[in-house]
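All remarks here apply to the structure that follows.
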DNA sequence: ATGAATGCAAAAACTTTGCATGACG
DNA sequence: CGTCATGCAAAGTTTTTGCATTCAT
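Residue numbers (my numbering), protein chains in the order written: chain A, 9 to 144; chain B, 9 to 144.
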């Protein structure tokens, strides 16, 4: 259960934290803005402040529970981290996000870092574009 | 000269636009925040408004003259586009940015897009980390 | 009980916009 | 000269912070 995740992060198990974590786990859309989360929680009858959402997400990020991404658009999106790294395809029309992982790219990134004498702590790759229409 | 760039973009050649373009061309740091540009111009004695910097950068971006990136940190950085695509190494301590281009990665990205039925219009790859200390 | 977490409101950081004035072609 | 661009200030967004109150342990 997710309570242990919160505890392991050295955080008290509070209602807001549980609700946010539950929402991130159950949401269809894995990539949510703070405001999305805030509104979804309000809609489901929770009492929560937007400031709390930001604070909790920042704590979860520090604990490695979630990842914060800055896709184009000037706002951050958060996703539950699943331990494994992955990159993103972002549909510039719908905003839909698809995750992918490619061993060749990961490997090549390491080679590049070595070439530049660079130690990677984190990396993001985002392909912006459109998913082909499936006209039938 | 850069005046033709501005004209080709369908924009009047005004002092603010020229100064911003000149600064982007001459700056040591190729990646600047709007506020950086604003302050640098003020420091060099120009009279300009921050709003103008944002407006001009947005126009330049639309014209393909500059690129806007959203690295981690909640603010956009702008760089003069040189026609060729490249990716970035960002030093998480100093904020220094190094550009690189890797044919293998570009090629692999296209393969991935094809696999997902995705048409890429743009893409960014950022490696965050540290440049190895060169202790002598 | 006591230290941490929350809610609220205010503020901060970044960016956009309305409008009167000024400059380009 | 007409139109487009600028400056200024105000407003919009997104995110952070201070403080009194509430909650978890």
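Cβ coordinates follow ideal geometry from the N, Cα and C atoms, glycine included.
State whether the stretch 93-106 of chain B contacts the stretch 81-101 of chain A, with contact taken as three or more CB pairs (one from each stretch) at a distance under 8 angstroms.
With the cut-off at 8 angstroms, the stretch 93-106 of chain B and the stretch 81-101 of chain A do not touch.
List the endpoints of the continuous beta strand (DSSP E) containing residue 127(B).
Mapped onto the second chain, residue 127(B) falls at position 119. Start and end: 126-139.
By how many angstroms is the C-alpha of residue 90(B) removed from the C-alpha of residue 80(B)?
Here the question's residue 80(B) lines up with position 72 in the second chain. Here the question's residue 90(B) lines up with position 82 in the second chain. So the two alpha carbons sit approximately 23 angstroms from each other.
Which full runs of the alpha helix (DSSP H) of 4+ residues lie inside the stretch 28-58 of chain B, going along the chain?
With a minimum length of 4 residues, the continuous alpha helix (DSSP H) runs that stay inside the stretch 28-58 of chain B are 42-51.
Just to confirm, is the Cβ distance from residue 131(A) to residue 108(A) under 8 angstroms?
Translated into the one-based positions of the first chain, residue 131(A) becomes position 123. Translated into the one-based positions of the first chain, residue 108(A) becomes position 100. In this structure, residue 108(A) does not lie closer than 8 angstroms to residue 131(A) by Cβ.
Is it the case that the Cβ atoms of residue 64(B) and residue 28(B) are separated by a distance below 8 angstroms?
To locate residue 64(B), count along the second chain from 1; it is residue 56. To locate residue 28(B), count along the second chain from 1; it is residue 20. Yes, Cβ-Cβ distance for residue 64(B) and residue 28(B) is below 8 angstroms.
Would the stretch 110-126 of chain A and the stretch 62-77 of chain A be scored as touching if the rule is three or more Cβ pairs under 8 angstroms?
Contact between the stretch 110-126 of chain A and the stretch 62-77 of chain A is absent, because fewer than three Cβ pairs lie under 8 angstroms.
Considering only their Cβ atoms, is the gap separating residue 32(A) from residue 88(A) smaller than 8 angstroms?
Walking along the first chain from the start, residue 88(A) turns up at place 80. Walking along the first chain from the start, residue 32(A) turns up at place 24. Yes, they are a contact pair.
I need the straight-line Cα distance from residue 118(A) to residue 36(A), nearest angstrom please.
On the first chain, position 110 is the one that residue 118(A) refers to. On the first chain, position 28 is the one that residue 36(A) refers to. Going from the Cα of residue 118(A) to the Cα of residue 36(A) covers about 32 angstroms.
Among the residues of its own chain, which have a CB less than 7 angstroms from the CB of residue 83(B), if the five just before and after it don't count?
Here residue 83(B) refers to the residue found at position 75 when the second chain is read from its first residue. Only 41 meet the Cβ criterion.
What is the DSSP secondary structure of residue 73(B), reduced to helix, strand or coil?
Mapped onto the second chain, residue 73(B) falls at position 65. Three-state result, residue 73(B): coil.
Would a check of beta-carbon distances place residue 97(A) closer than 8 angstroms to chain B?
Reading the first chain from its first residue, position 89 is the one you call residue 97(A). Yes, residue 97(A) lies at the interface with chain B (some Cβ there is under 8 angstroms from its Cβ).
Answer with yes or no whether the minimum CB distance from residue 71(B) to chain A is below 8 angstroms.
Here the question's residue 71(B) lines up with position 63 in the second chain. Not closer than 8 angstroms to any Cβ of chain A, the Cβ of residue 71(B) fails to qualify, so no.
Apply the 10 Å Cβ neighbour rule to residue 74(B) and answer buried if 16 or more other Cβ atoms are within range, or exposed otherwise.
Counting from one through the second chain, the residue named residue 74(B) turns up at place 66. Buried is the call here.
With 8 angstroms as the threshold, decide whether the Cβ of residue 62(A) is near any Cβ in chain B.
The residue labelled residue 62(A) in the question sits at position 54 within the first chain. Chain B, which has no Cβ nearer than 8 angstroms to the Cβ of residue 62(A), makes this no.
Taking beta-carbon pairs under 7 angstroms, can you tell me which members of the stretch 115-142 of chain A lie near chain B?
Listed in sequence order: 116, 117, 120, 121, 124, 125, 126, 127, 128, 129, 130, 131, 132, 133, 134, 135, 136, 137, 138, 139 and 140.
Using a Cβ cut-off of 8 angstroms (strictly closer), state whether residue 112(B) contacts chain A.
Position 104 of the second chain holds residue 112(B). Taking Cβ atoms only, chain A reaches closer than 8 angstroms to residue 112(B), which makes this a yes.
Among 135(B), 61(B) and 25(B), which one has its Cα closest to the Cα of residue 106(B)?
Counting from 1 along the second chain, the entry for residue 106(B) is found at position 98. Residue 106(B) has its Cα closest to that of 135(B), out of 135(B), 61(B) and 25(B).
Residue 21(A): buried (16+ other C-beta within 10 angstroms of its C-beta) or exposed?
Counting from one through the first chain, the residue named residue 21(A) turns up at place 13. Exposed.
Output yes or no for whether 8 angstroms exceeds the beta carbon distance between residue 140(B) and residue 127(A).
Translated into positions along the second chain, residue 140(B) becomes position 132. Translated into positions along the first chain, residue 127(A) becomes position 119. Yes, the pair counts as a contact, with Cβ atoms nearer than the cut-off.
According to DSSP, simplified to helix, strand and coil, what is residue 21(A)?
On the first chain, position 13 is the one that residue 21(A) refers to. The answer is coil: DSSP assigns residue 21(A) none of H, G, I, E or B.
So what does residue 99(A) bridge to, in DSSP terms?
Taking the first chain and counting its residues from 1, one reaches residue 99(A) at position 91. DSSP, once it has assigned bridges, lists 137(A) as partnering residue 99(A).
Distance check for residue 53(A) and residue 45(A), CA to CA, integer angstroms please.
Here residue 45(A) refers to the residue found at position 37 of the first chain. Here residue 53(A) refers to the residue found at position 45 of the first chain. Whole-angstrom Cα-Cα distance: 13 angstroms.
Whose CA, out of 115(A), 116(A), 129(A) and 111(A), lies closest to the CA of residue 138(B)?
Here residue 138(B) corresponds to residue number 130 of the second chain, with the count starting at 1. That would be 129(A), whose Cα lies nearest to the Cα of residue 138(B).
Under 7 angstroms Cβ to Cβ from residue 16(B), same chain only, skipping five residues before and after it: list those, please.
As a first step, residue 16(B) must be located in the second chain, where it is residue number 8. Excluding sequence neighbours, residue 16(B) sits near nothing in its chain.
To the nearest whole angstrom, what separates the beta carbons of residue 142(B) and residue 113(A), a pair I think is in contact under 8 angstroms?
The count along the second chain starts at 1 and reaches residue 142(B) at position 134. The count along the first chain starts at 1 and reaches residue 113(A) at position 105. Rounded, the Cβ-Cβ distance is 28 angstroms, inconsistent with contact.
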